[in-house]
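Asker: Top line first, the protein sequences correspond to chains A and B. Just so you know, we're using my numbering here: the first sequence kicks off at 964 and counts up by one. Just so you know, we're using my numbering here: the second sequence kicks off at 2 and counts up by one. By construction, the Cβ of each residue, glycine as well, lies at the ideal position given by its N, Cα and C atoms.
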Amino acid sequence: MKLRINAGEPRISGRLVWEQTRPSRLDLKVPLIDELLAIFRERHWVESDEEHWLTLCLDEVIVNGMLHGNEGDPQLPITLRLFDDGSRWRLLVEDQGEGFVPEDVPDPDDERSLMLEHGRGIVIMLQWLDELRYFRKGSCAMLVRAKARGDAGA
Amino acid sequence: MNRALYTIETYKYEVIWFRILKDRLLDAREIDAIGQALLHLTDMHPRLSLVLEMDKVSHMSSAMLGKLVALHKAVRRGKGRLAICNLHKSLMPLFKVTKLDKIFDMQPDAQELLLLWQRKPLLG
């Protein structure tokens, strides 16, 4: 797996198009995903036959921030910021946690991981995204992918 | 809530048809409810033959994959059998990426399998 945690801060480029901060409550997850999906659809940033991949990535990164990073504490928020840097979109998701150790993430190539009931989120995101980078010991995730098409009047 | 999430039909020889009715499985409460219902079936019918029809499910989070793995283990412990039928085309890549296509029996037609398993019941 090509997962590592980067030193320093994420390089922010492009125009901020959307920003939200939400408490770590799983009942807020689906509305948050739907809000983001609406932006991607409106701007034609994702093909309709790939929307399920985007949904999966959003679900995984939000759950990771709320449940693993913030340990499900509703007092602790996650912040999401979506950027448009021309040919690509970039989503930053920040939680308040201590981060994680990449070696603790189950390796899908290890047969012993096959029967685990958790730990597939990062593998799924790596499959579809162009880039998945972590900063601040893992408490800040950056998801990057080329837009499906250019902005249509957005 | 559960009635809108799935249907269960029981046939002879503990052949059971479980059909998930939701198109998106993202809500943690719904995923837990489906996972609990599936595991309850394995508790009630250890040697069941479970046909899990997922034709309507086009979006599914990795939390639901975890429930399916737990179900697979429970069915195996009871020496029963499990098949996922009519998996939506958008979900197959998810199973391949996570390599779960290697452990699940994927079948194209739930009705055919229900008939087949009633004709060939598990013995003992």
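What does residue 74 (chain B) touch in chain A if you count any residue whose Cβ is under 7 Å from its own?
Answerer: On the second sequence, residue 74 (chain B) is found 73 positions in, with the first residue counted as 1. Here the neighbours are 1078.
Asker: Does DSSP put residue 84 (chain B) in a helix, in a strand, or in coil?
Answerer: Position 83 of the second sequence, counted from the first residue, corresponds to residue 84 (chain B). In the structure shown, residue 84 (chain B) sits in a strand (DSSP, three-state: E or B).
Asker: Return no unless some Cβ of chain A is closer than 8 Å to the Cβ of residue 62 (chain B).
Answerer: In the second sequence, counting from the first residue as 1, residue 62 (chain B) sits at position 61. Yes, contact with chain A.
Asker: Beta carbons nearer than 7 Å to chain D: which residues of the region 1081 to 1105 of chain A have them?
Answerer: Among the protein chains of the structure shown, namely A and B, there is no chain D.
Asker: Under 9 Å between beta-carbons, which chain A residues line up against residue 58 (chain B)? List them in chain order, please.
Answerer: Residue numbering aside, residue 58 (chain B) sits at position 57 when the second sequence is read from its first letter. The contacting residues do not exist; residue 58 (chain B) stays about 10 Å from chain A at best.
Asker: Among B:30, B:47, B:51, whose alpha-carbon lies nearest the alpha-carbon of residue 10 (chain B)?
Answerer: For the purposes of this step, residue 10 (chain B) is identified with residue 9 of the second sequence, where counting begins at 1. Cα-wise, what sits closest to residue 10 (chain B) is B:51.
Asker: Taking only the alpha-carbon atoms, compute the straight-line gap between residue 1136 (chain A) and residue 13 (chain B) and give it to the nearest angstrom.
Answerer: Absent from the structure is residue 1136 (chain A), since the part of chain A shown begins at 964 and ends at 1117.
Asker: May I ask you to report which of helix, strand or coil DSSP gives residue 1107 (chain A)?
Answerer: Numbered from its first residue, the first sequence carries residue 1107 (chain A) at position 144. Strand, per DSSP.
Asker: Does the separation of the CB atoms of residue 1119 (chain A) and residue 1089 (chain A) fall below 8 Å?
Answerer: The question about residue 1119 (chain A) has no answer here: the residues shown for chain A are numbered 964 through 1117.
Asker: Using the C-alpha atoms, what's the distance from residue 1111 (chain A) back to residue 1007 (chain A)?
Answerer: Your numbering for residue 1007 (chain A) matches position 44 in the first sequence. Your numbering for residue 1111 (chain A) matches position 148 in the first sequence. One alpha carbon belongs to residue 1007 (chain A), the other to residue 1111 (chain A), and they sit about 7 Å apart.
Asker: CB residue 1027 (chain A) to CB residue 987 (chain A), shorter than 8 Å?
Answerer: Translated into positions along the first sequence, residue 1027 (chain A) becomes position 64. Translated into positions along the first sequence, residue 987 (chain A) becomes position 24. Contact flag unset, no.
Asker: Check each residue of the region 98 to 110 of chain B: if its Cβ is closer than 9 Å to any Cβ of chain A, include it; give the result in chain order.
Answerer: 98, 99, 100, 101, 103, 104
Asker: Should residue 980 (chain A) be counted as a contact of the ligand NAD given a C-beta to heavy atom distance under 7 Å?
Answerer: The model depicted lacks the ligand NAD and carries no ligand whatsoever.
Asker: I'd like to know if residue 984 (chain A) contacts chain B, where contact means its C-beta is closer than 8 Å to some C-beta of that chain.
Answerer: The count along the first sequence starts at 1 and reaches residue 984 (chain A) at position 21. No - not a single Cβ of chain B is within 8 Å of the one on residue 984 (chain A).
Asker: Residue 29 (chain B) touches chain A at which residues, Cβ-Cβ below 7 Å?
Answerer: As a first step, residue 29 (chain B) is located in the second sequence; it is residue number 28 there, counting from the start. Here the neighbours are 989.
Asker: Please list the terminal residues of the continuous alpha helix (DSSP H) segment that includes residue 1076 (chain A).
Answerer: Here the question's residue 1076 (chain A) lines up with position 113 in the first sequence. In the DSSP assignment, residue 1076 (chain A) falls outside any alpha helix (DSSP H) and carries neither an H nor an E.
Asker: Using a C-beta cutoff of 8 Å, does residue 42 (chain B) count as contacting chain A?
Answerer: Within the second sequence, numbered from 1, the residue matching residue 42 (chain B) stands at position 41. For residue 42 (chain B), the answer is no, since every Cβ of chain A falls outside 8 Å of its Cβ.
Asker: Grouping DSSP H, G and I as helix and E and B as strand, with all else coil, what is residue 1018 (chain A)?
Answerer: What you label residue 1018 (chain A) is simply residue 55 of the first sequence in a count that begins at 1. Looking at residue 1018 (chain A) - three-state DSSP - the assignment turns out to be helix.
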